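Participant:
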Amino acid sequence: MSLAPFHLAIPVHDLAAARHFYGEVFGCAEGRSSDHWIDFDFFGHQLVIHEAPKMAYQESAASNPVDGHDVPVPHFGVVLGWADWEALAERLRSRETKFVIEPYVRFKGQVGEQATMFLLDPCGNALEFKAFKDIGQLFAK
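Residue numbering for the sequence shown follows the UniProt record's numbering, beginning at 1 and increasing consecutively.
1) Going by DSSP, which residues form a beta bridge with residue 39?
2) If we ignore side chains and look at the alpha-carbon of each, how far apart do residue 74 and residue 62 end up?
3) If I measure Cβ to Cβ from residue 9 and keep anything under 7 angstroms in the same chain, skipping five residues before and after, which residues do I get?
4) Let's test the definition: count the other Cβ atoms within 10 Å of the Cβ of residue 115 and tell me whether it reaches 16, buried, or not, exposed.
5) Could you check where the beta strand (DSSP E) with residue 104 kicks off and where it finishes?
6) Taking the straight line between their C-alpha atoms, what separation do you get for residue 30 and residue 127?
7) Which residue marks the beginning of the alpha helix (DSSP H) containing residue 94, and which one marks its end?
8) I'd like to know whether the C-beta atoms of residue 130 and residue 77 end up nearer to each other than 9 angstroms.
9) Using only the alpha-carbon positions, how far apart do residue 79 and residue 19 sit?
10) Who does residue 136 pair with in a DSSP beta bridge?
11) Skipping 5 residues on each side, what residues in its chain have a beta carbon closer than 6 angstroms to that of residue 95?
12) If you measure between the beta carbons of residue 119 and residue 105, is that distance less than 9 angstroms?
13) Return the first residue and the last residue of the beta strand (DSSP E) that residue 15 is part of.
14) Does the separation of the CB atoms of residue 58 and residue 109 fall below 9 angstroms?
Shown next as structure tokens:
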């Protein structure tokens with residue numbers, strides 16, 4: 001599967017904290033920047049953090065129930081390979097990251113078996129990272 005990189009721009013009310021989070025915690029390479037925004041190589045995609053006032057959803061995210069968890073809405077993230085997902089989960093745990101939903105495996109042994117985890121950046125933006133045992137089942141019903 002060959003995908004085009006996406007571009008996503010998100011608001012952050014603390015540019016320095018967000019720079020540390022995406023650059024140091026995640027290890028994303030920094031691209032261009034100004035005093036008010038920063039580009040990151042977000043797992044091969046272009047993520048731009050823009051300094052902006054705190055948004056209502058960053059103060060208290062809405063959620064939907066999924067598998068007994070409260071999944072924050074809105075959220076974004078990346079589908080990684082299984083080994084890359086495990087490495088990211090370990091990297092985040094080693095940095096004592098607070099998860100909204102701890103890393104776990106859904107649909108174990110079933111169609112669509114996937115690993116997932118949710119967390120917030122320091123500005124309240126929700127992220128989800130997934131991996132599928134069989135990436136061909138990404139859209140399986």
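Note that the Cβ used here is the ideal one computed from N, Cα and C, for glycine as well.
Because the structure is a prediction, the values reported are computed rather than measured.
Facilitator: If we stick to the structure as given:
1) Per DSSP, the beta-bridge partners of residue 39 are 48.
2) About 8 angstroms.
3) Excluding sequence neighbours, residue 9 sits near 48 and 50.
4) Taking all protein chains in view, the Cβ of residue 115 is crowded by 16 or more other Cβ atoms within 10 Å, so the residue is classified as buried.
5) Start and end: 99 to 106.
6) Their Cα atoms are separated by approximately 19 angstroms.
7) Its alpha helix (DSSP H) spans residues 82 to 94.
8) For residue 130 and residue 77, yes; Cβs fall inside 9 angstroms.
9) Counting only the Cα atoms, residue 19 lies some 22 angstroms from residue 79.
10) DSSP links residue 136 through a beta bridge to no other residue.
11) Result list for residue 95: 25, in chain order.
12) Not a contact, by the Cβ cut-off of 9 angstroms.
13) For residue 15, no beta strand (DSSP E) encloses it; the enclosing alpha helix (DSSP H) starts and ends at 15 to 20.
14) No.
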